[in-house]
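Notes follow the structure.
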Amino acid sequence: MAYQLIFERRFVMGHRLISGSSLQCSIPHGHNEYIKIYLAPKEQHRLDGNENFVELFKKAKKKWHHFIDNILDHTLQLAHNDPLIDYFKEHEPTQLSRLVITQGDPTTEMLCACLMSKLQAFLNYDNSPLHCVQFELQETPTNTVTLTGINAFTSVLPKAVIKKSQATSTSPTHWWERHDFSINDLKPQLITHPNLTH
């Protein structure tokens, strides 16, 4: 592997973890997080002696940065069984599009895998010559999760999630597998999406 294009982005999020043993994390709280992605050519790439790009930086990061800045930033990350989801359905349905929902607690590890998968879905849909070979999600200045390897997310997502995905492999089941701007799998009629194109 000769070249890697590396892009970093900051976003703000809130979450809570209800299934684990951390009482502190069961209360909704927030973090300023950083995502660093490492993109590499799918095939060996020799510079052409003219433009000398693997891929234009602007093109390589445009959709991903749009997703981070306009969809993921200032969202609330919740487990699929968190009672707060029902609260939002009943009392604040216009906020459902701002909920990132994961299978089980939205830990940094889970989000790292989900977001790496989402990024790869964008790249695949756009027929990009690049794929993600490393993904870093920094929750705090002292806590970072890194996934390394092409499609590394497939080996770390929970087994129940993988089985559900494999059952309908022709159409993506989960938001992190789709190339759209979704961040949860709630029924579309429940969600008001911002008017965005991809």
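Heads up: the sequence shown runs through residues 30 to 227, numbered per the numbering used here. Virtual Cβ for every residue (Gly too), placed ideally from N, Cα, C. Nothing here was measured: the structure is a model prediction, and the numbers come from that model.
Between the alpha carbons of Ser-184 and Glu-206, how many angstroms are there, rounded?
14 Å
So the candidates are Glu-72, Thr-169 and Gly-133; which of them puts its Cα closest to the Cα of Ser-157?
Glu-72
How many angstroms separate the CA atom of Pro-170 from the CA atom of Phe-164?
16 Å
Mind checking Thr-226: buried by the 16 CB within 10 Å criterion, or exposed?
In this prediction, Thr-226 scores a pLDDT of 47, lower than 50, which makes its location untrustworthy; the coordinate-derived value is nonetheless stated afterwards. Counting Cβ neighbours within 10 Å, Thr-226 comes out exposed, since fewer than 16 surround it.
CB-CB under 6 Å to Lys-65, same chain, minus the five flanking residues each way: which ones, in chain order?
Glu-37 and Glu-165
Assign Ser-211 to one of two classes, buried (16 or more other C-beta atoms within 10 Å of its C-beta) or exposed (fewer than that).
buried
Exposure label - Glu-121; buried when at least 16 CB within 10 Å:
exposed
Using a Cβ-Cβ cut-off of 8 Å (strictly less than) and excluding sequence neighbours within five positions of Val-41, which residues of its own chain qualify?
Gly-59, His-60, Asn-61, Glu-62, Asp-102 and His-103
Are there 16 or more other CB atoms within 10 angstroms of the CB of Ser-48, so buried, or fewer, so exposed?
exposed
For Cys-54, which residues in the same chain have their Cβ closer than 6 Å to its Cβ, ignoring the five residues on either side in sequence?
Leu-46
Could you give the residue range of the alpha helix (DSSP H) that holds Ile-114?
112 to 120
Residues in its own chain within less than 7 Å of Met-145 by CB, not counting five upstream and five downstream?
Cys-161, Phe-164, Leu-176, Ala-181 and Phe-182
Cβ-Cβ distance between Leu-215 and Ile-114 below 9 Å:
yes
Beta-carbon proximity of Leu-148 to Val-83, cut-off 9 Å:
no
Environment of Ala-108 [buried if 16+ CB atoms lie within 10 Å]:
buried
Apply the 10 Å Cβ neighbour rule to Ala-89 and answer buried if 16 or more other Cβ atoms are within range, or exposed otherwise.
buried
Quick check: the Cα distance between Ala-142 and Leu-76, rounded to an integer number of angstroms?
32 Å
Own chain residues within Cβ distance below 6 Å of Met-139, not counting five before or after
Thr-131
Quick one: residues in its chain with C-beta nearer than 6 Å to the C-beta of Gln-33, no 5 flanking neighbours on either side, listed in chain order?
Tyr-67 and Ala-69
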